[in-house]
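K.L.:
Residue numbers (my numbering): 3 to 374.
(1) Give me the Cα-Cα distance between residue 49 and residue 297, rounded to the nearest whole angstrom.
(2) Enumerate in chain order the residues of its own chain whose CB-to-CB distance from residue 253 is below 6 Å, with the five nearest sequence positions on each side excluded.
(3) Comparing C-alpha positions only, which one of 304, 133, 75 sits nearest to residue 149?
(4) Have a look at residue 61 and residue 290 and give me their C-alpha separation to the nearest angstrom.
(5) So, helix, strand or coil for residue 56, using DSSP?
(6) Applying the criterion that 16 or more other CB atoms from any shown protein chain within 10 Å of the CB defines a buried residue, is residue 265 buried or exposed?
(7) List, from N- to C-terminal side, the alpha helix (DSSP H) runs of 4 residues or more that fit wholly inside the segment 57-137.
(8) Alpha carbon to alpha carbon, what distance is there between residue 283 and residue 373?
(9) So residue 74 packs on residue 19, CB below 8 Å; how close in whole Å?
(10) CA-CA distance, residue 37 and residue 165?
(11) Under the three-state reduction of DSSP, which class applies to residue 10: helix, strand or coil?
(12) If we call anything under 7 Å between Cβ atoms a contact, is residue 183 one with residue 211?
(13) If you follow the beta strand (DSSP E) that residue 192 is part of, which residue opens it and which one closes it?
(14) Just to confirm the assignment, what range does the beta strand (DSSP E) spanning residue 310 have?
(15) Here's a check: name, in chain order, each residue in its chain whose Cβ is nearer than 8 Å to the Cβ of residue 88, leaving out the five neighbours to either side.
(16) Which term fits residue 208, buried or exposed, when burial requires 16 or more other beta carbons within 10 angstroms of its beta carbon?
(17) Going by DSSP, name the residue or residues bridged to residue 255.
(18) Assign residue 5 to one of three DSSP states: helix, strand, or coil.
(19) Can you find the residues in the same chain that come closer than 6 Å, C-beta to C-beta, to residue 41, ignoring five residues on each side of it along the sequence?
(20) Can you look up residue 371 in the DSSP assignment and give me helix, strand or coil?
(21) At the level of alpha carbons, what is the spacing between residue 247 and residue 281?
(22) Closest to residue 70 by CA distance: which of 23, 319, 92 is it?
(23) How many Å lie between residue 345 and residue 361 at the Cα?
(24) What's the C-alpha gap between residue 160 and residue 53?
(25) Is the CB-CB distance between residue 333 and residue 129 below 7 Å?
(26) First and last residue of the alpha helix (DSSP H) that includes residue 19?
(27) Counting only runs that start and end within the segment 334-365, where is the alpha helix (DSSP H) found for 4 or more residues in a row?
(28) Only counting the same chain, and skipping five residues up and downstream in sequence, which positions put a Cβ closer than 7 Å to that of residue 134?
(29) Say yes only if the C-beta of residue 330 is nearer than 6 Å to one or more non-hydrogen atoms of the ligand FMN, and no if none qualify.
(30) Among 308, 258, 260, which residue has its Cα nearest to the Cα of residue 278?
(31) Tell me which residues share the same chain as residue 295 and place their Cβ nearer than 8 Å to its Cβ, disregarding the 5 neighbours each side in the sequence.
(32) Do the CB positions of residue 317 and residue 14 come within less than 7 Å of each other?
(33) If you reduce the DSSP assignment to three classes, tell me which class residue 269 lands in.
(34) Let me check one thing: in DSSP terms, what residues is residue 34 bridge-paired to?
(35) Would you grab the beta carbon distance between residue 325 and residue 341 for me? Rounded to a whole angstrom, and I think it's under 8 Å.
(36) I need the straight-line Cα distance from residue 122 to residue 369, nearest angstrom please.
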């Protein structure tokens with residue numbers, strides 16, 4: 003069983019899909035591992051680090067005769083022409099945004115496994131790339147906002163007077179939002195947060211933040227399949243907009259994190275709402291790569307509107323490449339090792355997880371989410 007680790011080609015992508023730690027573990031399972039030279043450079047991992055744990059490092063065609071190809075983002079099919087027929091491609095494949103590439107995998111006879119389709123069930127938690135990368139993204143969002151913000155986060159009492167604590171508002175309380183709350187709290191900010199899912203209220207309070215929720219619209223839970231948020235009714239959206247408008251005007255830092263799988267990011271903050279904020283305030287839009295939660299946000303640029311600075315990275319996790327790679331690669335190892343059949347010397351997926359993440363098989367696109 004040969005596992006190939008390719009160098010990422012996407013612009014700005016610094017992560018790598020396997021670290022020396024996970025390469026060593028794959029070899030212990032009985033696999034051989036080939037790493038493309040320079041694959042770990044962006045994550046501060048050298049070729050010799052891979053050689054030390056038993057990997058072969060090659061300058062080109064790392065996928066030759068590979069049974070499994072690992073990636074952060076899905077490799078172009080042209081890089082996989084020498085892989086074995088039916089080889090597994092295991093990565094974050096962006097199935098909705100890169101449908102043409104999924105079709106190309108099918109045409110090439112590859113079995114593409116989209117790690118972002120991993121079901122959010124207890125036994126798959128250690129395999130969940132969305133959670134591991136979102137955790138770091140939530141942290142980075144607050145750190146970046148603090149760096150751009152022209153004032154201190156914590157309250158400071160000095161002989162010259164008192165510096166008031168910054169007010170931070172987190173919109174969307176998934177994994178990224180919870181980490182943003184925790185980070186802003188650790189930095190001394192006064193933190194509030196909101197979400198369309200009523201079940202998150204206790205999570206917000208458990209981290210010492212103030213929940214901001216629509217109370218006038220009853221019966222809307224906002225809980226979709228797998229723990230994701232769903233789109234809300236017009237009535238709820240209107241009530242939420244009114245609540246946010248009143249609250250956001252008092253905030254120094256706003257972090258928006260709302261995403262809906264397979265759809266454009268919902269608009270949470272309008273230009274009119276930005277105009278009510280204090281000059282010098284900062285908004286970090288974690289959803290900018292999917293259209294943005296904030297009107298006027300531009301990926302990888304600091305945009306100033308009404309004296310408010312708006313920022314968002316197209317790929318936030320890659321700004322913490324070493325840690326992001328370590329977590330992502332463990333997700334991949336945890337997944338493959340959980341299904342590793344010692345007698346066959348390869349992973350054999352079960353029905354529940356296999357059906358959820360498998361995009362292509364036998365020359366066809368087979369995932370129901372892409373066929374419906």
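No residue lacks a Cβ here, since even glycine has one placed at the ideal position from N, Cα and C.
P.N.:
Inspection of the coordinates gives the following:
(1) Working through the chain shown from its first residue, we reach residue 49 at position 47. Working through the chain shown from its first residue, we reach residue 297 at position 295. Distance between the alpha carbons of residue 49 and residue 297: 43 Å.
(2) Taking the chain shown and counting its residues from 1, the one referred to as residue 253 is at position 251. Excluding sequence neighbours, residue 253 sits near 169, 171.
(3) To locate residue 149, count along the chain shown from 1; it is residue 147. Of 304, 133, 75, the residue nearest in Cα terms is 304.
(4) If you number the chain shown from 1, residue 61 lands on position 59. If you number the chain shown from 1, residue 290 lands on position 288. Their Cα atoms are separated by approximately 35 Å.
(5) For the purposes of this step, residue 56 is taken as residue 54 along the chain shown, with counting starting at 1. In the structure shown, residue 56 sits in coil (DSSP, three-state: anything other than H, G, I, E or B).
(6) Walking along the chain shown from the start, residue 265 turns up at place 263. Result: exposed.
(7) 101-109
(8) Your numbering for residue 373 matches position 371 in the chain shown. Your numbering for residue 283 matches position 281 in the chain shown. One C-alpha to the other measures close to 44 Å.
(9) Against the chain shown, residue 74 aligns to sequence position 72. Against the chain shown, residue 19 aligns to sequence position 17. With 8 Å as the limit, residue 74 and residue 19 qualify as a contact, their Cβ atoms being about 5 Å apart.
(10) On the chain shown, residue 37 is found 35 positions in, with the first residue counted as 1. On the chain shown, residue 165 is found 163 positions in, with the first residue counted as 1. Residue 37 and residue 165: Cα-Cα distance of roughly 52 Å.
(11) Walking along the chain shown from the start, residue 10 turns up at place 8. Residue 10: coil per DSSP, three-state reduction.
(12) As a working mapping, residue 183 is identified with position 181 in the chain shown. As a working mapping, residue 211 is identified with position 209 in the chain shown. Contact flag set, yes.
(13) As a position in the chain shown, residue 192 is number 190, starting the count at 1. It spans 192-196 - the beta strand (DSSP E) in which residue 192 sits, taken as one unbroken run.
(14) Within the chain shown, the letter at position 308 stands for residue 310. Here the beta strand (DSSP E) through residue 310 covers 310-313.
(15) In the chain shown, residue 88 corresponds to position 86, counting from 1. So the qualifying residues of the chain are 111, 112, 113.
(16) By 1-based counting over the chain shown, the position of residue 208 is 206. When all chains shown are included, residue 208 counts as exposed.
(17) Within the chain shown, numbered from 1, the residue matching residue 255 stands at position 253. DSSP lists 170, 284 as partners of residue 255.
(18) Taking the chain shown and counting its residues from 1, one reaches residue 5 at position 3. Three-state DSSP puts residue 5 in a strand.
(19) Walking along the chain shown from the start, residue 41 turns up at place 39. Counting only Cβ-Cβ distances below 6 Å, and skipping sequence neighbours, we find 7, 9, 18.
(20) Start at 1 with the first residue of the chain shown, and residue 371 comes out as number 369. Looking at residue 371 - three-state DSSP - the assignment turns out to be helix.
(21) As a position in the chain shown, residue 247 is number 245, starting the count at 1. As a position in the chain shown, residue 281 is number 279, starting the count at 1. Between residue 247 and residue 281, the C-alpha separation is close to 16 Å.
(22) Counting from one through the chain shown, the residue named residue 70 turns up at place 68. The option with the nearest alpha carbon to residue 70 is 92.
(23) Looking up residue 345 in the chain shown gives position 343. Looking up residue 361 in the chain shown gives position 359. Cα to Cα, residue 345 sits roughly 26 Å from residue 361.
(24) Taking the chain shown and counting its residues from 1, one reaches residue 160 at position 158. Taking the chain shown and counting its residues from 1, one reaches residue 53 at position 51. Answer to the nearest angstrom: the Cα atoms are 54 Å apart.
(25) Taking the chain shown and counting its residues from 1, the one referred to as residue 333 is at position 331. Taking the chain shown and counting its residues from 1, the one referred to as residue 129 is at position 127. It is a contact, given that the beta carbons lie within the stated cut-off.
(26) Against the chain shown, residue 19 aligns to sequence position 17. Counting along the chain, residue 19 falls outside any alpha helix (DSSP H), and DSSP gives it neither H nor E.
(27) 353-359
(28) Residue numbering aside, residue 134 sits at position 132 when the chain shown is read from its first letter. 329, 330, 333.
(29) What this structure holds is no ligand at all, so the ligand FMN is not there to describe.
(30) Here residue 278 corresponds to residue number 276 of the chain shown, with the count starting at 1. Closest by alpha carbon: 308.
(31) Here residue 295 refers to the residue found at position 293 when the chain shown is read from its first residue. Excluding positions up to five away in sequence, the list reads 173, 174, 258, 259, 260, 267, 268, 269, 270, 271, 287, 288, 289.
(32) What you label residue 317 is simply residue 315 of the chain shown in a count that begins at 1. What you label residue 14 is simply residue 12 of the chain shown in a count that begins at 1. Yes, the pair counts as a contact, with Cβ atoms nearer than the cut-off.
(33) Taking the chain shown and counting its residues from 1, the one referred to as residue 269 is at position 267. Three-state DSSP puts residue 269 in coil, outside helix and strand.
(34) Locating residue 34 in the chain shown gives position 32, counting from the first residue. Beta-bridge pairing links residue 34 to 4.
(35) Locating residue 325 in the chain shown gives position 323, where the first residue counts as 1. Locating residue 341 in the chain shown gives position 339, where the first residue counts as 1. Not confirmed; about 26 Å, so no contact.
(36) The residue you call residue 122 lines up with position 120 of the chain shown. The residue you call residue 369 lines up with position 367 of the chain shown. One C-alpha to the other measures close to 17 Å.
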